[in-house]
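Respectively, the protein sequence lines represent chains A and B.
Quick note on our numbering: the first sequence kicks off at 3 and runs consecutively.
Quick note on our numbering: the second sequence kicks off at 48 and runs consecutively.
Here a beta-carbon is modelled for each residue, glycine too, at the ideal position from N, C-alpha and C.
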Amino acid sequence: MTTGAPSTDLPGLDPAWSRSVEAPDAEGVTRTWHLLDNGPLLEAAGTPVEHTLLCVHGNPTWSYLWRRVLASAPPGWRVVAVDHLGMGWSERTEAPRTLAQRVEDLSRLTDTLGLDGPVATLAHDWGGPISLGWALAHRERLTHVALTNTAVHQPEGSPWPAAIAAVRTPPLLDLVCRRTTGFVQAATATVRPALPAPVRQAFAAPYSTTARREAIGDFVEDIPTTPAHPSFDELDRIARGLETLADIPVLMVWGMRDPVFSGRYLADLQRRLPHADVHAYADASHLVLEDRPEGVAVIWDWLTTSQTLVADAPAPVVPIRVDTTAPDDTAIVELGGAGGEITFGALDRRVEGLARSLHARGVRAGQRVALLVRPGIDLTSVLYAVWRLGAVAVVADAGLGLRRLGAALRSAAPQHVVGFPAARAIVVAAQVPGQWIRLGEGDVAALIAEGAAHDVPAHDLVSPTAALDQDGAVLFTSGATGPPKGVVYTRRQVGAQVALLRDTFGFRPGARFVAAFAPFALYGPALGMASAVPDMDVTAPDTLTAGALADAVAAVDATAVFASPAALDNVVATADQLSPDRLEQLRRPRLILSAGAPVPLDLLRRLRELLPGAATHTPYGMTEALPVATLDPLTLDAADPADRDRGVCVGAPLTGVTVRVAALRPDGSTADDLTSDAGVTGEIVVRAPHVKDRYDRLWATQRASARPAGWHRTGDVGHLDDRGRLWVEGRLAHVLTTPDGPLPPYAVEQAIESVPGVRRAALVGVGPVGTQQVVAVVVPQGARPDRHLARQDTSVPPDIARQVRAAAGVPVAAVLRRDWLPVDIRHAAKVDRTELARWATTLLHGRDAAREAYQHHPKAPSRRSR
Amino acid sequence: MRVLVTGASGMLGRAVADTLAARGDTVTVLQRRPSGVPYREVLGDVADPAAVSEAVAGQDAVVHLAAKVDVVGPWEDYRRTNIDGTRTLVEAARAGSVTRFVQVSSPSVAHAGSSLAGVGAGPADPERARGNYARSKAAAELIALGTDGDELTVTAVRPHLVWGPGDTQLIGRILERARSGRLPVLGRGTSLVDTTYVTNAADAIVAALDRADVARGQALVVTNGEPRPIGELIADICRAGGAPPPRLRIPARLAWAAGAAVEGAMAVSASVPGLPEITEPPLTRFLAEQLSTAHWFDQRHTREVLDWTPAVSLDEGLRILAAAHSADG
Chain A
3 MTTGAPSTDL PGLDPAWSRS VEAPDAEGVT RTWHLLDNGP LLEAAGTPVE
53 HTLLCVHGNP TWSYLWRRVL ASAPPGWRVV AVDHLGMGWS ERTEAPRTLA
103 QRVEDLSRLT DTLGLDGPVA TLAHDWGGPI SLGWALAHRE RLTHVALTNT
153 AVHQPEGSPW PAAIAAVRTP PLLDLVCRRT TGFVQAATAT VRPALPAPVR
203 QAFAAPYSTT ARREAIGDFV EDIPTTPAHP SFDELDRIAR GLETLADIPV
253 LMVWGMRDPV FSGRYLADLQ RRLPHADVHA YADASHLVLE DRPEGVAVIW
303 DWLTTSQTLV ADAPAPVVPI RVDTTAPDDT AIVELGGAGG EITFGALDRR
353 VEGLARSLHA RGVRAGQRVA LLVRPGIDLT SVLYAVWRLG AVAVVADAGL
403 GLRRLGAALR SAAPQHVVGF PAARAIVVAA QVPGQWIRLG EGDVAALIAE
453 GAAHDVPAHD LVSPTAALDQ DGAVLFTSGA TGPPKGVVYT RRQVGAQVAL
503 LRDTFGFRPG ARFVAAFAPF ALYGPALGMA SAVPDMDVTA PDTLTAGALA
553 DAVAAVDATA VFASPAALDN VVATADQLSP DRLEQLRRPR LILSAGAPVP
603 LDLLRRLREL LPGAATHTPY GMTEALPVAT LDPLTLDAAD PADRDRGVCV
653 GAPLTGVTVR VAALRPDGST ADDLTSDAGV TGEIVVRAPH VKDRYDRLWA
703 TQRASARPAG WHRTGDVGHL DDRGRLWVEG RLAHVLTTPD GPLPPYAVEQ
753 AIESVPGVRR AALVGVGPVG TQQVVAVVVP QGARPDRHLA RQDTSVPPDI
803 ARQVRAAAGV PVAAVLRRDW LPVDIRHAAK VDRTELARWA TTLLHGRDAA
853 REAYQHHPKA PSRRSR
Chain B
48 MRVLVTGASG MLGRAVADTL AARGDTVTVL QRRPSGVPYR EVLGDVADPA
98 AVSEAVAGQD AVVHLAAKVD VVGPWEDYRR TNIDGTRTLV EAARAGSVTR
148 FVQVSSPSVA HAGSSLAGVG AGPADPERAR GNYARSKAAA ELIALGTDGD
198 ELTVTAVRPH LVWGPGDTQL IGRILERARS GRLPVLGRGT SLVDTTYVTN
248 AADAIVAALD RADVARGQAL VVTNGEPRPI GELIADICRA GGAPPPRLRI
298 PARLAWAAGA AVEGAMAVSA SVPGLPEITE PPLTRFLAEQ LSTAHWFDQR
348 HTREVLDWTP AVSLDEGLRI LAAAHSADG
């Protein structure tokens, strides 16, 4: 018998948690277990135990893995973290132990400990099956199940991870696991940032000799790779038993860079436990809680809170299917490339045909289908076909930038990827999982022909009005202020968004529009509206010319134009090349809709000269909730003080949308409670039937954004005025925290932009939170966007600096000149003020100070403003 | 209140004496030489116990500004005036009737050359402070604050880069060099630097006397709270003083090296008999750092403790400077 005890000076470990307990094993032999247990401390303090968290480590770690869980246990929580027999500081057994024995060993131990109150489980790696086996055997006291990088089943059709397969060859296994510390060392080597040496030594401490490492090899050998394996049946029993946990809250916290338990094991567990909450860390590895210690707080937060939602009144929902009331009318016209045109009737048949062929390829309800198809007839057809099957459309666009596009798709873990041939390279390079379905020129017809003979059982076709609370779509935030996040909409939420657009803008069957902005354009067929896709590179909005717009208007006699601000900017810039004929076409539209980024008033005015018949609406919203409000900014009266409030007026909240404000605190954080009081500046918080269901596999992010439950924190700051209109004043992440209080940037920037000679201004803060100095970055008229940053003169003539300071109305420490501002790739309109603040800090405080201040702010992809 | 002000022949000391007198306090000054101020003068050195005793006798409060402030010179001079002088003065104050003592110090006592952006006061550190002036002032501040007690409260006030009309130190040197074309801008001239207009510093010092009950025992950095890029600041000062703004640019690193070389040359010239002594260097490392790294401070605590805000803004100060210059010229 070899046991021992951890040394008392291991980093993060309170020696008072360490204890030895004797308990019978599965065969009734008394064994000495080592545990970390805060129970004795609670008892000594007279704190009653209300709840116990049972933590089970994997191979080759020990209960040290859970030290932060113990350290941050909330009042009333006892944490028991065991060392398996043969592992850590527990007794070494004579023979290897099977999975079934280990499950029973653990049960005998918890009986001995008298854990008869409510128990939650938390496990990692091969501790997962053992803890789940324990959970299934103790349903009467089980309250929660939490899992980190583990598996209960080898997903069909996928090979064993190379790392395991390699180590399973007997001589290598003995060498790596037992005779050397290879495996022990490797286990802690993947952590990023790298673990301090004392922590790695603490993980390796119980495994100092070959004899002490015996069970590490046993554990690897106990992975059942064939049905003949002694642990195969037990693992299978546990995997099958998971469906009985449907009423138990489950959380999975996952490191997606795990070379062993990669995303497909997470997907397998999600399939077995579809109700599970998931928080995935894209850049964390196998020991996820070592890579991301904040995951411990996520687990505690999840264990200790319950959110109850007050249901909203049912909202109107437009079923997502092709409206065929006028089957012979044109539905979509494509003006780019080879061109194309389709009627509503033909589109509907195409959708049905594609649905049949996708079903033949294995697409089923609830599965995710990533769509890498250029906007137009094909994208619309596939999207409606996916919904026809009750599957979930994953839509990412090139506006994310190629690298982030790949990462976004990988994180969504689609079962199928439908893409145009060139997208294949992105999918392969980014290791996006799922079946590849090619959709090149002519492939749609081939697919439809292929599926023609295939019968889809009626129950595999999902009515557009059914399964409304199932997932419908995953979109991605552009990530201007962080990595792209998947945003999940249910089918009901998608339908509610379409209904809101219809009701807000009076869209009726027979209406016709130009679709230069994909998101809204996809809904045309459901509303019976015809659309024309202009000749442009839809992945680069600023390639839309005035001529291409005029041609698209002419193609369907469009009454409305959907386009991004960057596209409209280019339309105005290319207007002087228009022939009188085409100019005449532009007189027809009655409405211009431009969403996605703020639209400068001056651009709208010039647009109005070009399209004199059109109201210029700029709906306000975000990927998570679009639209929230809308307004034609040209209807504001510059002479009315009420219309010259601070920030950008985006109009009154739309029907069914409630907007509140979480007031800004001096340090730039926001209050927990919401207010509807006019004039209070804070984070804009919205509630509406079409607000996202959740962030995808980002439980903690979702929870932080949904405060209170049912609401969405937009990350924008602004205020409501006394007419109930919403004014946006900037991004929360860009609020300056000056000694005089928090300062959102927009209002001051607008004031500075009124200075003659200043084309554009951005306001950033430098220095510590709460005492930041205000820096005005100005782009002068006649700036040269092609000039390299290092060659730019940052100084501003004294008289301009004086005027900028006078206009700003707040103390401005420095006025710096640039030839261009960094803006987002998707819209080329959102100024990356964090990057500007880093640049200003480098100039004003020096390179070292900037590096220190922004070490946790990775650079977002950006391009130059024009 | 009867208040002794040391160093009242300097710009800031004079402003403090005037501010106190204007509100009805009785001011005594301790001077090495007659300075012509309209207050009772005791002549003598701050390190001379006899002169100090005479000056302190009967006072309610002391504001100690007298110091050797030059950028270069032998350590012994700094030690005697700044360290011994402060010790002599606080000891005399404690022995006498004085209940409040304000030690006028410098932000440089707590910092060692690196960029300072929005920091608080921090403890004085004679080991790490750069240059003889800062090191001796750091030691002096520790002595003064170490004396703080119920009988005698001590507060340290650290005004940063004090300037105003009649200033021979900062403004005088900048203008003099600008006129002779010897004023370079270091680096890009964008380092953010805060300064203190003289009457604001004087008000803060008087506030430290009045608020001794809450301010005692603390060191408080005082500035205008209006940092500016150093190039812009110097150009503004030059314009106000009627001198041409600087054109020559020297990379910060090169300037630092040049400063070190100049200091070395000065040490050599002072120690080798027969060589002409260099007393007014074009650039020292200290000055190079001051002009090429950020120096501004979190003023929230200072303003709350002193219940004080600067009455004269940077722009107003520059206007006053310009008016004074055109009146002179």
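Here residue 774/A is buried: its Cβ has 16 or more other Cβ atoms, across all protein chains shown, within 10 Å. Secondary structure note for residue 164/B: its beta strand (DSSP E) is the uninterrupted segment 163-166. Apart from sequence neighbours up to five positions away, the residues of its chain that approach residue 729/A with a beta-carbon distance below 8 Å are 647, 648, 649, 650, 651, 652, 720, 721, 722, 723, ordered along the chain.
Put simply, the backbone Cα of residue 527/A is about 13 Å away from that of residue 384/A. According to the DSSP assignment, residue 388/A belongs to the alpha helix (DSSP H) that extends over 379-390. Under a 10 Å Cβ-count criterion, residue 364/A is classified as exposed, with fewer than 16 other Cβ atoms of the shown protein chains found around its own Cβ.
Using a Cβ-Cβ cut-off of 8 Å, residue 770/A counts as an interface residue toward chain B, since at least one Cβ of chain B sits closer than that to its own. Contacts with chain B at 8 Å (Cβ-Cβ) include residue 847/A. In the pairwise beta carbon analysis, the segment 273-281 of chain A is classified as touching the segment 690-710 of chain A: at least three pairs are separated by under 8 Å.
Cβ proximity to chain B below 8 Å picks out 845, 846, 847, 848, 850, 851 from the segment 844-868 of chain A.
Chain A has a Cβ within less than 8 Å of the Cβ of residue 345/B.
In the structure shown, residue 404/A adopts helical secondary structure according to DSSP, grouped into three states.
In the three-state reduction of the DSSP assignment, residue 396/A falls in the strand class. Excluding the 5 residues flanking it on each side, residue 175/A has same chain C-beta neighbours closer than 8 Å at 169, 219, 222, 223, in chain order.
Legend: CB atoms of the segment 228-255 of chain B lying less than 7 Å from CB atoms of chain A belong to residues 235, 237, 238, 239. In the DSSP assignment, the residues bridged to residue 257/A are 283/A. The Cβ atoms of residue 836/A and residue 818/A lie no closer than 8 Å to each other. A contact is defined here as three or more CB-CB pairs under 8 Å, and the segment 64-75 of chain B fails this definition with respect to the segment 91-101 of chain B. Secondary structure at residue 225/A: coil, using DSSP grouped into helix, strand and coil.
Around the CB of residue 561/A, 16 or more other CB atoms lie within 10 Å, so the residue is classed as buried. Bounds of the beta strand (DSSP E) holding residue 533/A are 532-535. Secondary structure note for residue 106/A: its alpha helix (DSSP H) is the uninterrupted segment 101-115. Within its own chain, the residues whose Cβ lies closer than 6 Å to the Cβ of residue 277/B, once the five positions on either side in sequence are excluded, are 236, 238, 240, 338, listed in chain order. In this structure, residue 488/A lies away from residue 400/A, with their beta-carbon atoms at least 8 Å apart.
For the 8 Å CB-CB criterion, residue 134/A and residue 121/A do not form a contact. Residues of chain B with a Cβ closer than 8 Å to the Cβ of residue 800/A are, in chain order, 279, 282, 283, 286. Looking at the DSSP output, residue 748/A shares a beta bridge with no other residue.
Between residue 262/A and residue 210/A, the alpha-carbon positions lie close to 24 Å from each other.
Contacts with chain B (Cβ-Cβ distance below 9 Å) from the segment 410-441 of chain A involve no residue at all. At a cut-off of 8 Å between beta carbons, residue 276/A makes no contact with chain B. Residue 539/A is positioned such that its CB atom lies no closer than 8 Å to that of residue 547/A. Within chain A, no C-beta atom comes less than 7 Å from the C-beta of residue 363/B; the nearest is roughly 13 Å away.
Note that the C-beta distance between residue 780/A and residue 750/A is not below 8 Å. Residue state for residue 189/A is assigned as helix, using DSSP reduced to three classes. For residue 651/A, there is no enclosing alpha helix (DSSP H); the enclosing beta strand (DSSP E) covers residues 650-653. Judged by beta-carbon spacing, residue 147/A lies beyond the 8 Å limit of residue 240/A, meaning their Cβ atoms are not closer than that value.
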